[in-house]
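> Note that the working numbering has the sequence shown beginning at -16, numbered continuously upward. Beta carbons are placed, not taken as given, at the ideal position from N, Cα and C, and that holds for glycine.
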Amino acid sequence: MNTLPTFDGDTPLVPANQLLKRGERLLEPDVYRIELQGRLAVVKDYRRYRGTPLSPVARLLVRHEAKVLRTLQGWKHAPALLGTLGGLALGMEFIPGDTLSAGVQGVTQEVFDQLQSALARLHAAGITHNDLHGTNVVISAGVPVLLDFTSALRAPRWMRNWPIIRQLRRSDMKNLVKMRQRLTGQRPSAEQAALLAEPGWVQAVRGTWKHLYRRIKGQQ
Ligand SMILES: Nc1ncnc2c1ncn2[C@@H]1O[C@H](COP(=O)(O)OP(=O)(O)OP(=O)(O)O)[C@@H](O)[C@H]1O
Ligand SMILES: [Mg+2]
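Structural data, given as structure tokens:
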């Protein structure tokens, strides 16, 4: 049986030589790879916030991402959750492969078709990713795996048709279509473009926000 290693209070966190991303901006974790009971694992580590006023927020982010990953346990398009440690670090399965970030070559239409159905499944489960871009997708042996569920939202069933939730699903799909166009040159079909077009209220909110933002900036 393919059992997962355990990640808990007894796990020594030795970042080895594998820093994947240094947390530089506010509430960004250090992300590194460790070896855990002979298997590779990834740790998202917010422990630099321990004892600071931001510690409760960091704990909330860890708990939230763990909860989403737990919901997706067993799904091939998300890493398996291994556990949390002291509330400020999250452990998950390491996914070998390349991210879909700029410069990656030879990503096929087929990979994007898989990604599109994966996203549709995620949405059907009531979850939006909300941060879908190249560095949050790893292609592992031809299978796209979604990473970084910090911003994901799981809407209860009764909320799933709310305009704001529909807009989040549309934004996820828009990001996917943009990545596909950038990496394979495939443009969205007319039907898809129409589906992804923003409704008037979104354009109005965006326009008002831009206007306000410029005025605020102008006063500084
Ligand atoms: N499970 C994983 N397997 C392989 N690589 C991973 C895994 N998790 C993260 N990575 C790598 O680490 C990078 C950073 O991870 P992640 O996107 O989760 O952190 P982040 O963007 O700093 O997070 P946040 O948005 O929560 O601040 C990813 O872009 C990816 O390259
Ligand atoms: Mg990320």
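Note down, in chain order, each residue of its chain lying with its Cβ closer than 7 angstroms to the Cβ of valine 94, except the 5 sequence neighbours on either side.
Taken in chain order, the residues that qualify are Ile122, Gly125, Pro127.
> Going straight from the alpha carbon of serine 172 to that of glutamine 164, what length do you get?
Cα-Cα distance, rounded: 11 angstroms.
> Please name the residue in Ala41, Leu(-13), Thr54 whose C-alpha comes closest to that of aspartate 13.
Checked all of Ala41, Leu(-13), Thr54; the closest Cα to aspartate 13 is Ala41.
> Which complete alpha helix (DSSP H) runs does the segment 122 to 171 hold, if anything under 4 residues is left out?
If we require 4 residues or more, the alpha helix (DSSP H) runs fully inside the segment 122 to 171 come out as 146 to 167.
> Check the C-beta distance from leucine 52 over to leucine 68 and give it rounded, since I have them as a contact under 8 angstroms.
In fact, because the Cβ distance is near 14 angstroms, the residues do not count as touching under 8 angstroms.
> Which same chain residues, not among the five before or five after alanine 101, have their C-beta less than 8 angstroms away from its C-beta?
Once the five neighbours on either side are set aside, the close Cβ partners of alanine 101 are His60, Pro127, Leu129.
> Less than 8 angstroms between the beta carbons of leucine 105 and methionine 162, yes or no?
Not closer than 8 angstroms, so no.
> Could you pull out every residue in the same chain whose Cβ sits closer than 6 angstroms to the Cβ of leucine 2, ignoring the five residues on either side in sequence?
Once the five neighbours on either side are set aside, the close Cβ partners of leucine 2 are Tyr15.
> Among all the DSSP beta bridges, which residues are the ones paired with arginine 16?
DSSP output for arginine 16 lists Val25 as bridge partner(s).
> Between lysine 59 and ligand 1, is there a pair consisting of the residue's CB and a ligand heavy atom that are separated by less than 7 angstroms?
No, the Cβ of lysine 59 stays beyond 7 angstroms of every heavy atom of ligand 1.
> Confirm, please, whether the CB-CB distance from threonine 133 to glutamate 48 is below 8 angstroms.
It is a contact, given that the beta carbons lie within the stated cut-off.
> Which value, in whole angstroms, describes the spacing of the CA atoms of leucine 37 and leucine 43?
Rounded to the nearest angstrom, the two C-alpha atoms are 10 angstroms apart.
> For ligand 2, enumerate in chain order all residues having a CB closer than 5 angstroms to any of its heavy atoms.
In chain order, the qualifying residues are Asn119, Asp131.
> Does glycine 190 pass the burial test, meaning 16 or more other C-beta atoms within 10 Å, or should it be called exposed?
Classification for glycine 190: exposed.
> Check whether the Cβ atoms of leucine 195 and leucine 159 lie closer than 8 angstroms to each other.
It is not a contact, given that the beta carbons lie outside the stated cut-off.
> For arginine 152, which residues in the same chain have their Cβ closer than 7 angstroms to its Cβ, ignoring the five residues on either side in sequence?
The residues are His106, Thr111.
> If we call anything under 8 angstroms between Cβ atoms a contact, is arginine 143 one with glycine 109?
It is a contact, given that the beta carbons lie within the stated cut-off.
> Could you tell me the distance, in whole angstroms, from the CA atom of arginine 30 to the CA atom of valine 90?
Using only the alpha carbons, I get a separation of about 36 angstroms.
> Just to confirm my understanding: we take phenylalanine -10, look at its own chain, exclude 5 residues before and 5 after, and list those with CB closer than 7 angstroms. What are they?
Within the same chain, phenylalanine -10 has close Cβ partners Leu19, Ala24, Leu65, Gly66, Leu68, Gly74.
> Kindly list the residues whose CB is nearer than 8 angstroms to the CB of leucine 179, restricted to its own chain and excluding five residues on each side of it in sequence; keep chain order.
These residues qualify, in order along the chain: Arg153, Met156, Lys157, Val160, Pro171.
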